[in-house]
Amino acid sequence: MAESKGIEQTLQQPVFIRGQNRPFGELTRADARSRADELKAATGWGPTMRVAPVARAWRELTMKMEQAGAGTVRELDPEVITELASKLWMGTSLL
Numbered sequence: 264m265a266e267s268k269g270i271e272q273t274l275q276q277p278v279f280i281r282g283q284n285r286p287f288g289e290l291t292r293a294d295a296r297s298r299a300d301e302l303k304a305a306t307g308w309g310p311t312m313r314v315a316p317v318a319r320a321w322r323e324l325t326m327k328m329e330q331a332g333a334g335t336v337r338e339l340d341p342e343v344i345t346e347l348a349s350k351l352w353m354g355t356s357l358l
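So that you can map any letter, position 83 of the sequence shown is 346 in my numbering, and since no number is skipped, the others follow by simple counting.
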């Protein structure tokens, strides 16, 4: 029960995309792809190198959504969400 509550909290976390905050669980494949591209473009030298693994995680989320035929993050298996949440900086302390 606690794990499903943690997943739900993660899915409700706001992500600023398409001009407003949206719950993580409502993000589409296009949203995930856009975030991956945005973060990849922001990666450079020095401190911005820390963004590269997060950009890769968003790309991984996109691929997992495509493989599962998921239209939104919420449609993914909870195990996948749990696996990717910390990589995406989605507050895994809630899980």
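Where is the CB? At the ideal position from N, CA and C, for every residue including glycine. These numbers come from a predicted model, not from an experiment.
Report all residues from its chain with a CB closer than 7 Å to the CB of R296; omit the five preceding and five following residues, and keep chain order. When the five nearest sequence neighbours on each side are left out, the beta carbons in the same chain lying within less than 7 Å of the beta carbon of R296 are those of T325, in order along the chain.
In terms of residues, what are the limits of the beta strand (DSSP E) holding P341? Run containing P341: none in the beta strand (DSSP E); it sits in the alpha helix (DSSP H), P341 to A348.
Would you call the region 280-293 and the region 331-347 touching, i.e. three or more CB-CB distances under 8 Å? Contact between the region 280-293 and the region 331-347 is established, with three or more Cβ pairs separated by less than 8 Å.
Extent of the continuous alpha helix (DSSP H) run through P316: P316 -> alpha helix (DSSP H) spans A315 to A331.
Apart from the five residues on each side of it in sequence, which residues of its chain come closer than 6 Å, Cβ to Cβ, to K350? If we look at K350 and ignore the five residues flanking it on each side, its Cβ neighbours are A320.
Across which residues does DSSP place F287 in a beta bridge pair? DSSP output for F287 lists no bridge partner at all.
Let me know the secondary structure DSSP gives T306 once reduced to three states. T306: coil per DSSP, three-state reduction.
Taking the alpha-carbon positions, what's the A305 to K268 distance? So the alpha carbons of these two residues sit roughly 33 Å apart.
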